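Residues in the sequence shown are numbered from 1419 upward in steps of one, following the numbering used here.
In this text, a Cβ means the ideal position worked out from N, Cα and C, and glycines have one as well.
It should be emphasised that the depicted structure is a prediction, and the values quoted were computed from it without experimental measurement.
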Amino acid sequence: MATAPAADQRRLLDVQALDTRLDQLAHKKRSLPELARLLELDAQVADLYTALVTSRTAADDLRRELAKAEADVEQVRARAARDQARLDSGQGSPKDLQALQSELVALGRRQGDLEEVELEVMERLEAHEGALAEVTTAHQALVEQKTVVETDRDAAFREIDAEAEKVRGERATAAQGLDAGLVALYEKLRGQLGGVGAAALRGRRCEGCRLELNPLDLDAIRAKAEDQVVRCEECGRILVRLPEPAQA
């Protein structure tokens, strides 16, 4: 690329400014605080969900254990009730009746032991259900926080996207009709140099790299034809010469 109308070169600065704004909006979208907060909440929700599943499983195990303990107690009670009914009927030999009495005593002790087991399991289940309720509440609270942050993120996305769409329209207008070779070089350099392919020459300084040109390079640039496309000797960007201010 050797030449391009000076007006096109100056208009390229407008395109660059709009491209820079689009890059800033894209960066803003990628670095929204809501995104970092969502990562934190996702990790916390995942941890609490794991704890919730573990707690639910433990509670289910305790409920099954309690059901078995209750069934064991009920079985002994039923057996004792049958023995008591036979004893109360007086039927059978004295030896049989004595055996029933002995069995009732043993069943009473067995029932007491099983009821203690039942009570212990009930207490463990009650304590665990309390802990489960706390974990469930904490998990739900985090899920609700995440929903709120997601809503804020989506609102921010919409605002950024709307502005970006507006800037893209302005950029299309600014780039319309520009010298194709100039634009191609600009796009190539923009991709290589961090999004800035063209910069203004203000005084002795390149606005792209913020460095001052040495006097010899500056004189060589000023001596070139107006439509000559020049590059910064320091950073390689297209260096757009602006009209010199009118002398008083």
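- In its chain, beyond the 5 residues on either side, Leu1532 have a beta carbon closer than 7 Å to the beta carbon of Asp1490.
- In this model, Leu1550 and Leu1611 are separated by some 56 Å (Cα to Cα).
- Between Ala1592 and Val1433, the C-beta spacing is below 8 Å.
- Annotation for Leu1480: the continuous alpha helix (DSSP H) segment containing it runs Pro1451 to Ser1507.
- Between Leu1505 and Gln1519, the C-beta spacing is below 8 Å.
- The bridge partners DSSP lists for Val1658 are Ala1618.
- DSSP, reduced to helix, strand and coil, places Gln1594 outside both helices and strands of the structure shown, so it counts as coil.
- DSSP places Gln1427 in the uninterrupted alpha helix (DSSP H) bounded by Ala1424 to Arg1448.
- The C-beta distance from Val1567 to Arg1655 rounds to 40 Å, too long to meet the 8 Å contact threshold.
- Scanning the segment 1539-1620 for uninterrupted beta strand (DSSP E) segments of 3 residues or longer gives 1616-1620, listed from N- to C-terminal end.
- The Cβ-Cβ distance between Gly1615 and Glu1605 falls below 8 Å.
- Put simply, of Gln1594, Ala1461, Arg1640 and Glu1651 the residue whose alpha carbon is nearest the alpha carbon of Cys1624 is Glu1651.
- Contact annotation, Asp1441 with Arg1589: C-beta distance approximately 11 Å; criterion of less than 8 Å not satisfied.
- About 3 Å separates the beta carbons of Gly1626 and Ala1617, which is inside the 8 Å limit, making them a contact pair.
- Arg1628 carries a coil assignment under DSSP once its states are collapsed to helix, strand and coil.
- Going by beta carbons, Val1601 and Gln1427 fall outside the 8 Å limit.
- In this structure, DSSP gives Val1648 an extended state, which the three-state scheme calls strand.
- Assignment of beta-bridge partners to Arg1623 by DSSP yields Arg1620 and Glu1630.
- Remark: C-beta atoms of Val1471 and Val1561 do not approach each other more closely than 8 Å.
- Taking Pro1451 as reference, the option from Arg1649, His1546, Arg1659 and Asp1570 with the minimal CA-CA separation is Asp1570.
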